[in-house]
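Below: one structure, written as structure tokens.
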Amino acid sequence: MLEISDLCAGYDGVPALRSVDFRVGRGERVAILGPNGAGKTTLLKAISGTVAADSGSISFEDRDLLSQAPHRRVEAGIVHVPQGRMIFASMTVADNLRLGSHRSIARDRHDERRDLVLEIFPALAGMLNRDGGALSGGQQQMLAVARGVMACPRLLMLDEPSMGLAPRAADDIFEGIARLLESETTAMIVVEQRAHEALHICDRAFVLESGEVALEATSRELLADERLAAAYLGAEI
Amino acid sequence: MVEFLQFLVPGILIGGVYALLASGLGLIFGVMRVVNFAQADFMMLAMYLSWALFAGGFGLDPFLAVPAVFVVFLLLGMAVHWLFIRFVIGQRENHDAQVILTIGLGLIFQNLILIRYSSEPRVVAPAYANEGDFIGDIFISRVRLYAFLLSLLVAALLFLFLNRTGTGRAIRAASENWEAATYMGIDIDRTNRIAFGVGVALTAVGGAALVTFQSITPFVGFRFVVVMFAAVVLGGLGSVSGAFVGGVLIGIIQSVSQVWTSAAVKNVWVFALFLLILYVRPNGLFGKVQRAI
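The listed protein sequences derive, respectively, from chains A and B.
All residue numbers for the first sequence refer to our numbering, where the first residue is 193 and numbers rise by one.
All residue numbers for the second sequence refer to our numbering, where the first residue is 4 and numbers rise by one.
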């Protein structure tokens, strides 16, 4: 479904990704793990088009992505829930959700999708008329994920969904994502510092270090092999 | 009291037109962070278009010509964005280039009109230009009342556009966070183009509302550019509703100050209030960090 080969990207000439090969199959859930500054967020931004690739290729459903503008990539079904939530703070929760269904295929399914996301994140149900900026951090993250789900994604990319949240709020987010995965067959990429939670909802994981793929393994392998996990993921597993 | 009201009412009426002029500038800044120094010259062009439609054989009433003015300037604004503005915003953002480009466009507009129509003042005087009505002891000029009602109507339509349509929501989203808007699948370049067109058209409609009581020259923009910028900053940079309120406030201050001081110093009071408000609220009346439309 998504094929990345020999991808190099960076910021103002400073490389953040070095010759990355990466793929996601149809309906597959993949975790991207690694320390801060490893290039995880840059990889997602290169896929969604907000960071330009210096070289290499990215294709989605056998179509070249690099020649397409970011909004065309969303139209193709690649939906990015960015780090730091980036909800529209001055707009209501309902308007944020409506913007989530900006993708043409999602517009006609807005009501149906809204019912789905309110089922996944019931805490949002009573807040539809509240400004996004008035929500707590955990509720804002729920809204950010819900807004992504509104777009009927074929590939959903979640960047650090638990970042900056209290453990209880982070648990709520992962429970919501787990509920989503029960009802949807969408493919997913999760970038996450809480490796344990990420591995439990994903089939496979890539570990990035200094902009390169240091390890690719199934979640089962990583969770079962303490030495492997300790070597690449520290004591967190 | 009657004398005070006699100044207050015209102040509110002209303030409505200032509000329209400023809201176009505020919309453009709010969405793409471009300070459009050519905005008052778009207003001047719109005034000449109204004059041409009225005096050039069509005999079209300036208020009835407003829809045509809006459409023409919507398209003109979008064309100017496509031809010039898009190259100095977004990832290649360059504020120096924005300033030089928009000042240059304004100069070109002024000189093209000067070549075509000379600097002779033009006047649009429909049959009701000098008519008015008394409400109690207060005289209300009919053209100024129509201009104010037009401003209210356009403000209501702008509110509905920004809040009830997909394109309007996309403009608000891009205004608040262009990167997040990109992740929604919003075409930022298209959104900017529409916002620039709408912003220019709003100011153009303000110009069309002014022609019935303001003579037209190629340099008429100078009289209003300071008011427009003051209204936008007073209301809060990037806030369209703030620019609207700022415009009304400036109209009131300009007019009411004449109760006590000469009309020649009316703008001194505007800037005194301007400095006071910025001292108390540095982000303007409705400005919030990163909050936009």
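Even glycine gets a Cβ: it sits at the ideal position worked out from N, Cα and C.
Here the structure is a predicted model, which means the values were calculated and not measured.
So residue i and residue j are supposed to be a Cβ contact under 8 Å. How far apart are they, rounded?
i: A:A338; j: A:I312; result: 7 Å
i: B:F199; j: B:G80; result: 5 Å
i: A:V191; j: A:T234; result: The structure shown does not extend to residue 191 of chain A, since chain A spans only 193 to 429, so no value can be given for it.
i: B:F289; j: B:G210; result: Wrong, their Cβ atoms sit about 24 Å apart, outside the cutoff.
i: B:V37; j: B:I92; result: 6 Å
i: A:A370; j: A:L320; result: No, A:A370 and A:L320 are not in contact; Cβ-Cβ is about 23 Å, not under 8 Å.
i: B:A246; j: B:L28; result: 7 Å
i: A:S240; j: B:Y51; result: About 46 Å separates the two Cβ atoms, so there is no contact after all.
i: A:M193; j: A:V216; result: 6 Å
i: B:I31; j: B:G202; result: 4 Å
i: B:V72; j: B:V208; result: 6 Å
i: B:G18; j: B:S242; result: Not confirmed; about 17 Å, so no contact.
i: B:I106; j: B:F40; result: 5 Å
i: B:P129; j: B:T215; result: 6 Å
i: B:R119; j: B:G135; result: With 8 Å as the limit, B:R119 and B:G135 do not qualify as a contact, their Cβ atoms being about 34 Å apart.
i: A:V266; j: A:R295; result: 6 Å
How is the beta strand (DSSP E) around residue i delimited, first residue to last?
i: B:A136; result: What sits at residue 136 of chain B in the sequence shown is Asp, not Ala. Unbroken beta strand (DSSP E) run through B:D136: G135 to I138.
i: A:P207; result: V206 to V216
i: A:M380; result: A379 to V383
i: A:V273; result: I270 to V273
i: A:F431; result: Because chain A spans 193 through 429 in this model, residue 431 of chain A falls outside it and cannot be assessed.
i: A:Y203; result: L194 to Y203
i: A:S249; result: A245 to F252
i: B:F289; result: Unbroken run through B:F289: none, as it is neither H nor E.
i: A:T410; result: E404 to T410
Quick one: give me the first and last residue of the alpha helix (DSSP H) that residue i is part of.
i: A:R283; result: It is Met, not Arg, that sits at residue 283 of chain A in the sequence shown. Counting along the chain, A:M283 falls outside any alpha helix (DSSP H), and DSSP gives it neither H nor E.
i: A:E311; result: H302 to I312
i: B:D99; result: H98 to Y120
i: A:N348; result: Before going on, a small fix: residue 348 of chain A reads as Leu here, not Asn. Segment L347 to D351 is the beta strand (DSSP E) holding A:L348; no alpha helix (DSSP H) there.
i: A:I239; result: K232 to S240
i: B:L30; result: V5 to M35
i: A:I224; result: From DSSP, A:I224 is part of no alpha helix (DSSP H) but of the beta strand (DSSP E) over R221 to L225.
i: B:I143; result: B:I143 -> not in any alpha helix (DSSP H); beta strand (DSSP E) instead, spanning I141 to S144.
i: B:V74; result: V69 to L86
i: A:A358; result: That residue, A:A358, is in no alpha helix (DSSP H); it is neither H nor E in DSSP.
i: B:W272; result: K269 to V283
i: B:T185; result: W181 to Y186
i: A:L335; result: G329 to M342
i: A:A298; result: S296 to R299
i: B:F2; result: Chain B is shown only over 4 to 296; residue 2 of chain B falls outside these bounds and no answer can be derived.
i: B:Q257; result: V243 to V259
i: B:W54; result: Q42 to A58
i: A:I393; result: A387 to I393
Would you please verify whether the beta carbon of residue i is less than 7 Å from any beta carbon of chain D?
i: A:P274; result: The displayed structure is made up of protein chains A and B, and chain D is not among them.
Using a Cβ-Cβ cut-off of less than 7 Å, give me the residues of the segment 175 to 190 of chain B that come near chain A, in sequence order.
R175, A176, E179, N180, E182, A183, T185, Y186, M187, G188, I189 and D190
Any alpha helix (DSSP H) of 4 or more consecutive residues that is wholly inside the segment 189 to 219 of chain B:
191 to 213
Determine which residues of the segment 152 to 173 of chain B have a Cβ less than 9 Å from any Cβ of chain A, and write them out in chain order.
N166, G169, R172 and A173
For the segment 225 to 254 of chain A, which residues have a CB atom closer than 7 Å to at least one CB atom of chain B, in sequence order?
S240 and T242
Contact between the segment 253 to 260 of chain B and the segment 19 to 32 of chain B: three or more CB pairs below 8 Å?
yes
Check distances from the C-beta atoms of the segment 271 to 295 of chain A to those of chain B and list, in chain order, the residues that come in under 8 Å.
V271, H272, V273, P274, M278, I279, F280, A281, S282, M283, D287, R290, L291, G292, H294 and R295
Looking at C-beta atoms only, is the number of pairs between the segment 298 to 313 of chain A and the segment 203 to 223 of chain B that lie closer than 8 Å three or more?
no
Quick check: the segment 267 to 287 of chain B against the segment 57 to 68 of chain B, are at least 3 beta-carbon pairs closer than 8 Å?
no
For the segment 257 to 270 of chain A, which residues have a CB atom closer than 9 Å to at least one CB atom of chain B, in sequence order?
A261, P262, H263, R264, R265, V266 and E267
For the segment 405 to 420 of chain A against the segment 167 to 174 of chain B, are there 3 or more C-beta pairs whose distance is under 8 Å?
no
The segment 205 to 215 of chain A / the segment 136 to 152 of chain B touching (three or more Cβ pairs under 8 Å):
no
Do the segment 264 to 271 of chain A and the segment 341 to 356 of chain A meet, that is, are 3 or more Cβ pairs less than 8 Å apart?
yes
Interface positions of the segment 359 to 383 of chain A facing chain B (Cβ-Cβ less than 9 Å), listed along the chain
none
At a Cβ cut of 8 Å, what residues of the segment 343 to 357 of chain A count as close to chain B, listed as they run along the chain?
A343
How do the segment 289 to 306 of chain A and the segment 359 to 366 of chain A stand: do at least 3 beta-carbon pairs fall below 8 Å, yes or no?
no
Flag this pair as touching only if the segment 392 to 403 of chain A and the segment 344 to 352 of chain A have three or more C-beta atom pairs under 8 Å; answer yes or no.
no
Below 8 Å, can you find three or more Cβ-Cβ pairs linking the segment 222 to 231 of chain A to the segment 378 to 389 of chain A?
yes
With three or more beta-carbon pairs closer than 8 Å as the criterion, would you say the segment 175 to 183 of chain B touches the segment 155 to 164 of chain B?
no
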